[in-house]
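Student: The following block contains the structure, expressed as structure tokens.
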């Protein structure tokens, strides 16, 4: 199974999805997108490092970065399914659009599976966490502990 | 994996989800809910019969009816995941609520997995199909062929 | 052009749509649905009478009741387009579903055209108006004057 | 300030809103609607009793039942504001419609104030709690403890 | 009738709306907006050329570019109605806002008419098509054939 | 009570919320955010001046600009509640996310209170008003009179 994102930075909402997805398969690949339509706050090397700090305790999770279309990456990695999180209606519409587009691009029947975010993380997004952190707010409990340490160390 | 619903009657949208889900697991159990909060158009025996006509070509699909909570049924059948379809924003909000409630009731980590309905079936619901059929409209292509035959035979 | 509904009762929101639609075509047929999935508050004869009181000032509007599918009625009346109003997101999803279903049923290319309700009527629905009226609230300005008189006369 | 509802039964989501609202004013009136458009699961006497069990610890909360329009009740009680909870988009659209209608009915400037439900209660509704309870599911933590006792005692 | 957009590039979703709109009127003007709030991927000359390639088979469609407010352009061209497409809830809210604003700006009763996108094109947007194309994905079937040729020729 | 925003520029929708909020408390502080995630059209000095022109008639409204997190500003000013406006579903989801985040950051129980925008202003936003004004459209009635004069004077 594959879970992909920009993880800019990884939040406890992402981690919750990774842990739940990892229980559903033998191997979960977590891919960090290098090329983003909007510019990233953290370079891909930092985003990958923070991801690895967050999932160090999970034995069947493999991490890497990738470029190009998610659909091509999923074909290269030969996965059966790509997992995505849903938090709110805004997410839903965007994800619906992407799932239909990817269903066309996959061709070989790769499925997009959705998990609902836990209520406790329904309001957590990388961009909001970043904005609060940049303005000096406390984001403890919103990102994994080692990730928060890393964010502070490179501030 | 478990897929449950009232299937009143089963539509091509349901069948699309069953076929896609069956490719993702060894055994897909499809459960027909006997007790409905709103009254059903077809008795459970007819709903189960139509479901079976629709999935006759699928080797790893098992069908049955059940009573009580979906969460209890899922625990009894010892499944890892329950699959649900998402068509539109209205579905999303209801399913989000149910997924959170079931996450509490499952306790043992059964996951709710969501698949997006194919665009071609995004507007198809059992209640709309039934209403059109009752008023004499043509629902060919919206329900599986053998199901349409059955619906006509018991009209 | 055709505009159909239950008009139970007709509101100023409906009238606004009728007036705007009538400016866009030579003849606007307004059809009152006799058979409703949910039971109506007013019998069809009263609903038609209230509609006629409301549109008496519009020269190119024809009113009648009909039974069966809207799609069949539109074909019988040989219209090119059916017009519908949109107030809010809830309306949108339901109307999207119906428009796709009707596109199938029309076959001959009858189009569904949507007009957005004016902001002043965005919160007005027949059911809410009825509920407020039944509980003794003031609905002046929400239904046409002669309609309000009629509602009071048959209370 | 006034908070009204059917409380059929009161949930921990309602209680959270009552506690937060009570901190914002000198006196919070909580009104149980007697007349419901849809039939209630519990009679109004039971609904009021469960509400009182739930708010016994709140000194500045007054409870009673009422009939008729919320707008008329708010005028009778001479409140400045009516408070409502928002959980999800479905709530939002309905509440938007009601707030606009009530703004017309209040005339004297009574405001509708909205509080967002806490994430932990975003999926909790009276009807879902009731359905789960009726089917034998565990609703501990979703309704106040004494309310659950009461629900069991009159089952 | 007038249909306007940035067409950056024109998709099969746009073309479907143009064909359906052209059947509803004597002359359909399709206007390409020169000034965009966000920067365009293709210059206006290319966008206009691609549009013309796409509608070459439609006798009653006229194409041109325009600057300034859509409302002013619609008044200049003396149209009775402006047609817009609706795909999803996100579209709906934005279009509702624009329709209300334009109703103020038109003054002379120009109407905004909405058509629902066909289910097959519900997930197709210029920006998503562009992104997929730029990353090397296959967009055949999402844009008209001659448009795809043109996009490849100027890549 | 505190009401904060970028007011870029202040609209009649904002003013309606300020007037309604000011009736609910002894002192309403209106804060103009200096630091914006997206760049502002007007410098903060102009935005504050326009706000002051708009609220000159309100005795219990105090205006100022602020930097940093809204949550920190609310704590500094020692308010019990922050008021926000809701126009549409898009607003709702964003505001829900922010309200949950701020509930964490406030710690001391500051509440976010929401008021629904009046239907007449449901389509009015600073960005849309600005865009129309920049393209030469008439925005009279959408911003307070003195604000429109000011906008013209610094064009």
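Protein chains in written order, with the working numbering: chain A, 1 to 155; chain B, 1001 to 1155; chain C, 2001 to 2155; chain D, 3001 to 3155; chain E, 4001 to 4155; chain F, 5001 to 5155. Don't be surprised by glycine CBs; every beta carbon is placed ideally from N, CA and C. Source: prediction; values computed, not measured.
1) So, for residue 3105 of chain D: in the same chain, excluding its five sequence neighbours on each side, which residues have a beta-carbon less than 6 Å away from its beta-carbon?
2) Count the other CB atoms, across all protein chains shown, that sit within 10 Å of the CB of residue 4091 of chain E; report buried if there are 16 or more and exposed otherwise.
3) At 3 residues or longer, what runs of the beta strand (DSSP E) sit wholly inside the segment 1019 to 1060 of chain B?
4) Which residues of the segment 78 to 112 of chain A have a Cβ closer than 8 Å to any Cβ of chain B? Give them in chain order.
5) Taking all protein chains shown into account, do 16 or more other C-beta atoms lie within 10 angstroms of the C-beta of residue 4127 of chain E, making it buried, or fewer, making it exposed?
6) Is the distance from the Cβ of residue 1026 of chain B to the Cβ of residue 1121 of chain B below 8 Å?
7) For chain H, find out if any of its Cβ atoms is closer than 8 Å to the Cβ of residue 5001 of chain F; answer yes or no.
8) List, in chain order, every chain D residue whose beta-carbon is nearer than 7 Å to that of residue 5076 of chain F.
9) Report the rounded CA-to-CA distance for residue 5009 of chain F versus residue 5131 of chain F, giving the unit in angstroms.
10) Of the residues D:3137, D:3051, D:3069, D:3152, which one's Cα is nearest the Cα of residue 3099 of chain D?
11) Please list, in chain order, the chain F residues whose beta carbon lies closer than 9 Å to that of residue 115 of chain A.
12) Answer with buried or exposed for residue 1012 of chain B, where buried requires no fewer than 16 other C-beta atoms within 10 angstroms of its C-beta.
13) In terms of DSSP beta bridges, what is residue 1003 of chain B paired with?
14) Can you check DSSP and say which residues form a bridge with residue 147 of chain A?
15) Using only CA atoms, which one of E:4088, E:4001, E:4005 lies nearest to residue 4065 of chain E?
16) So for residue 3114 of chain D, helix, strand or coil by DSSP?
17) What's the call for residue 5085 of chain F, buried or exposed, on a 16-neighbour Cβ count within 10 Å?
18) Closer than 7 Å by beta-carbon distance: list the chain E residues that pair up with residue 2024 of chain C, in chain order.
19) Could you give the DSSP three-state label for residue 3107 of chain D: helix, strand or coil?
20) Going straight from the alpha carbon of residue 5051 of chain F to that of residue 2056 of chain C, what length do you get?
21) Alpha carbon to alpha carbon, how far is residue 1143 of chain B from residue 1060 of chain B?
22) Return the Cβ separation of residue 4007 of chain E and residue 101 of chain A in integer angstroms, given the expectation that the two are a contact with Cβ distance under 8 Å.
23) Assign residue 3125 of chain D to one of three DSSP states: helix, strand, or coil.
24) Identify, in the order they occur along the chain, each residue of the same chain with its Cβ nearer than 8 Å to the Cβ of residue 82 of chain A, setting aside the five sequence neighbours on each side.
25) Beta-carbon of residue 9 of chain A versus every beta-carbon of chain B: anything under 8 Å?
26) Enumerate in chain order the residues of its own chain whose CB-to-CB distance from residue 1041 of chain B is below 7 Å, with the five nearest sequence positions on each side excluded.
27) In this structure, does DSSP put residue 3067 of chain D in helix, strand or coil?
28) Using a Cβ cut-off of 9 Å, pull out every chain E residue sitting near residue 1133 of chain B, in sequence order please.
29) Straight-line CA distance for residue 150 of chain A to residue 3089 of chain D?
30) Given that a residue counts as buried once 16 or more other Cβ atoms are within 10 Å of its Cβ, and exposed if not, what is residue 2033 of chain C?
31) When you compare only the Cα positions, how much space is there between residue 4028 of chain E and residue 4058 of chain E?
32) Please compile the residues from chain E whose C-beta is within a distance smaller than 7 Å of the C-beta of residue 5128 of chain F.
33) Sorted by chain position, which residues of the same chain lie with C-beta nearer than 8 Å to residue 125 of chain A's C-beta, five sequence neighbours on each side aside?
Tutor: Short version:
1) On the fourth chain, residue 3105 of chain D is found 105 positions in, with the first residue counted as 1. Correct list, in chain order: 3071.
2) Start at 1 with the first residue of the fifth chain, and residue 4091 of chain E comes out as number 91. It is buried - the Cβ of residue 4091 of chain E has at least 16 other Cβ atoms within 10 Å.
3) As summarised for the segment 1019 to 1060 of chain B, the continuous beta strand (DSSP E) elements at least 3 residues long and confined to that stretch are 1028 to 1033, given in chain order.
4) Shown in chain order are the members of the segment 78 to 112 of chain A whose Cβ falls below 8 Å from a Cβ of chain B: 80, 81, 86, 89, 92, 93, 95, 96, 99, 100, 103, 109, 111, 112.
5) Numbered from its first residue, the fifth chain carries residue 4127 of chain E at position 127. Under the 10 Å beta carbon count, residue 4127 of chain E is surrounded by fewer than 16 other beta carbons and is classified as exposed.
6) Locating residue 1026 of chain B in the second chain gives position 26, where the first residue counts as 1. Locating residue 1121 of chain B in the second chain gives position 121, where the first residue counts as 1. At least 8 Å separates the beta-carbon of residue 1026 of chain B from that of residue 1121 of chain B.
7) Within the model displayed, chain H is absent; protein chains A, B, C, D, E and F are what it includes.
8) Against the sixth chain, residue 5076 of chain F aligns to sequence position 76. Simply none; closest approach about 20 Å.
9) One-based indexing of the sixth chain puts residue 5009 of chain F at position 9. One-based indexing of the sixth chain puts residue 5131 of chain F at position 131. Residue 5009 of chain F and residue 5131 of chain F have their C-alpha atoms some 11 Å from each other.
10) Within the fourth chain, the letter at position 99 stands for residue 3099 of chain D. Comparing Cα positions, the closest option is D:3069.
11) Locating residue 115 of chain A in the first chain gives position 115, counting from the first residue. Near residue 115 of chain A there are no residues of chain F at all, since even the closest Cβ is about 19 Å away, more than 9 Å.
12) The sequence position of residue 1012 of chain B within the second chain is 12, counting from 1. Buried, by the Cβ-count rule.
13) Counting from 1 along the second chain, the entry for residue 1003 of chain B is found at position 3. Beta-bridge annotation (DSSP): residue 1003 of chain B is paired with B:1030, B:1083.
14) Looking up residue 147 of chain A in the first chain gives position 147. None, per the DSSP bridge assignment.
15) As a position in the fifth chain, residue 4065 of chain E is number 65, starting the count at 1. The candidate whose alpha carbon is nearest that of residue 4065 of chain E is E:4005.
16) Taking the fourth chain and counting its residues from 1, the one referred to as residue 3114 of chain D is at position 114. Reduced to three states, the DSSP call for residue 3114 of chain D is strand.
17) Position 85 of the sixth chain, counting from 1, holds the residue named residue 5085 of chain F. Taking every protein chain shown into account, the CB of residue 5085 of chain F has 16 or more other CB atoms within 10 angstroms, so this residue is buried.
18) Within the third chain, numbered from 1, the residue matching residue 2024 of chain C stands at position 24. In chain order: 4080, 4081, 4111.
19) Sequence index remark: in the fourth chain, residue 3107 of chain D carries index 107 (1-based). In this structure, residue 3107 of chain D counts as coil in the three-state DSSP scheme.
20) By one-based count along the sixth chain, residue 5051 of chain F stands at place 51. By one-based count along the third chain, residue 2056 of chain C stands at place 56. When rounded, the separation of the alpha-carbon atoms in residue 5051 of chain F and residue 2056 of chain C is 48 Å.
21) The residue labelled residue 1143 of chain B in the question sits at position 143 within the second chain. The residue labelled residue 1060 of chain B in the question sits at position 60 within the second chain. Spanning the two alpha carbons is a distance of roughly 21 Å.
22) Numbered from its first residue, the fifth chain carries residue 4007 of chain E at position 7. Numbered from its first residue, the first chain carries residue 101 of chain A at position 101. Not really, about 19 Å apart at Cβ, beyond 8 Å.
23) Taking the fourth chain and counting its residues from 1, one reaches residue 3125 of chain D at position 125. In the structure shown, residue 3125 of chain D sits in coil (DSSP, three-state: anything other than H, G, I, E or B).
24) Counting from one through the first chain, the residue named residue 82 of chain A turns up at place 82. So the list reads 1, 2, 3, 4, 70, 74, 102, 110, 111, 112, 113, once near-sequence residues are dropped.
25) Walking along the first chain from the start, residue 9 of chain A turns up at place 9. Residue 9 of chain A does not count as touching chain B.
26) Your numbering for residue 1041 of chain B matches position 41 in the second chain. The answer, listed in chain order, is 1008, 1130.
27) Within the fourth chain, numbered from 1, the residue matching residue 3067 of chain D stands at position 67. Judged by DSSP in its simplified three-state form, residue 3067 of chain D adopts coil rather than helix or strand.
28) Within the second chain, numbered from 1, the residue matching residue 1133 of chain B stands at position 133. At a beta-carbon threshold of 9 Å, none of the residues of chain E lie near residue 1133 of chain B; the nearest stands roughly 20 Å away.
29) Residue 150 of chain A sits at position 150 when you count from the first residue of the first chain. Residue 3089 of chain D sits at position 89 when you count from the first residue of the fourth chain. Going from the Cα of residue 150 of chain A to the Cα of residue 3089 of chain D covers about 36 Å.
30) Indexing the third chain from 1 puts residue 2033 of chain C at position 33. Its Cβ being crowded by 16 or more others within 10 Å, residue 2033 of chain C is buried.
31) Counted from its first residue, the fifth chain places residue 4028 of chain E at position 28. Counted from its first residue, the fifth chain places residue 4058 of chain E at position 58. Separation of residue 4028 of chain E and residue 4058 of chain E (C-alpha to C-alpha, rounded to the nearest whole angstrom) is 10 Å.
32) In the sixth chain, the residue the question calls residue 5128 of chain F occupies position 128. Correct list: 4097, 4101.
33) Within the first chain, the letter at position 125 stands for residue 125 of chain A. Contacts found: 11, 13, 87.
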